[in-house]
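Student: I'd like to ask you about the structure that follows.
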Amino acid sequence: MNQKNQLRKNPSRETCESIIRRILMTELTQNGKNRHFRKAADFMSYFESLYPTSDALTKQVQRAVQSLHMPKDADGFFIVDKTAAQVEQEQCLGKLFADANVSLHPMEQVETVFLSVPSHMQELLLHTFEQSDLFAGQILTIVRACNGLLIYTEDKKQLLSLLNRLINQQ
Numbered sequence: 151m152n153q154k155n156q157l158r159k160n161p162s163r164e165t166c167e168s169i170i171r172r173i174l175m176t177e178l179t180q181n182g183k184n185r186h187f188r189k190a191a192d193f194m195s196y197f198e199s200l201y202p203t204s205d206a207l208t209k210q211v212q213r214a215v216q217s218l219h220m221p222k223d224a225d226g227f228f229i230v231d232k233t234a235a236q237v238e239q240e241q242c243l244g245k246l247f248a249d250a251n252v253s254l255h256p257m258e259q260v261e262t263v264f265l266s267v268p269s270h271m272q273e274l275l276l277h278t279f280e281q282s283d284l285f286a287g288q289i290l291t292i293v294r295a296c297n298g299l300l301i302y303t304e305d306k307k308q309l310l311s312l313l314n315r316l317i318n319q320q
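With the numbering used here, letter number 93 in the sequence shown gets 243, and the count goes up by one each step, no holes.
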């Protein structure tokens, strides 16, 4: 009988925290993000299935949620796998990316062309490429290298054709 009473008493705050973390991690692994839990009351149906309903249980779950210091996403759902500082950093980076109009270019689709250029001409040529309408859309980026410029492009054939035409004009 004593064992039965121990199972039915309210859980400690630490136990509640552990259960809440487990619930949220399960939610995260199953759905990719938390889409159900915004406040302590959202966890109550789970706790009430394990423990007798009482004001003390509700307060214990509320304390556990508060002590976890979980940040919330834009929709108000708890974020279990990040600290508030990490969420703030992500938001800051996201805003910077949006302001800078950042885009990804997977390296599997990028090809390189090495343009042999004497070191004293690299800076001038690099600046000319950056300002040129002729190369707009042809060059993703250019890196200064020993003995030349390394050009990254998504259309190597077209870039080589253009470069060869310019080289052979001489």
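No residue lacks a Cβ here, since even glycine has one placed at the ideal position from N, Cα and C.
1. Going by DSSP in three states, THR233 sits in which element: helix, strand or coil?
2. Have a look at PRO256 and GLU304 and give me their C-alpha separation to the nearest angstrom.
3. Do you know how far the Cα of MET194 is from the Cα of ARG213?
4. Given that a residue counts as buried once 16 or more other Cβ atoms are within 10 Å of its Cβ, and exposed if not, what is LEU309?
5. Output needed for ASN297: all residues of its chain with C-beta closer than 7 Å, excluding positions within five of it in sequence on either side, in chain order.
6. Taking the C-alpha atoms as reference points, what is the distance between GLN319 and ALA235?
7. Three or more C-beta pairs under 8 Å: does that hold for the segment 195-207 against the segment 157-170?
Tutor: Concretely, from the data shown:
1. Working through the sequence shown from its first residue, we reach residue 233 at position 83. Correct three-state label for THR233: coil.
2. Start at 1 with the first residue of the sequence shown, and residue 256 comes out as number 106. Start at 1 with the first residue of the sequence shown, and residue 304 comes out as number 154. For PRO256 and GLU304, the distance between alpha carbons rounds to 10 Å.
3. Locating residue 213 in the sequence shown gives position 63, where the first residue counts as 1. Locating residue 194 in the sequence shown gives position 44, where the first residue counts as 1. Cα-Cα distance, rounded: 13 Å.
4. Translated into the one-based positions of the sequence shown, residue 309 becomes position 159. Looking at its Cβ environment, which holds 16 or more other Cβ atoms inside 10 Å, LEU309 is buried.
5. What you label residue 297 is simply residue 147 of the sequence shown in a count that begins at 1. Only SER266 meet the Cβ criterion.
6. For the purposes of this step, residue 319 is taken as the residue at position 169 of the sequence shown. For the purposes of this step, residue 235 is taken as the residue at position 85 of the sequence shown. Taking the straight line from one Cα to the other gives about 57 Å.
7. yes
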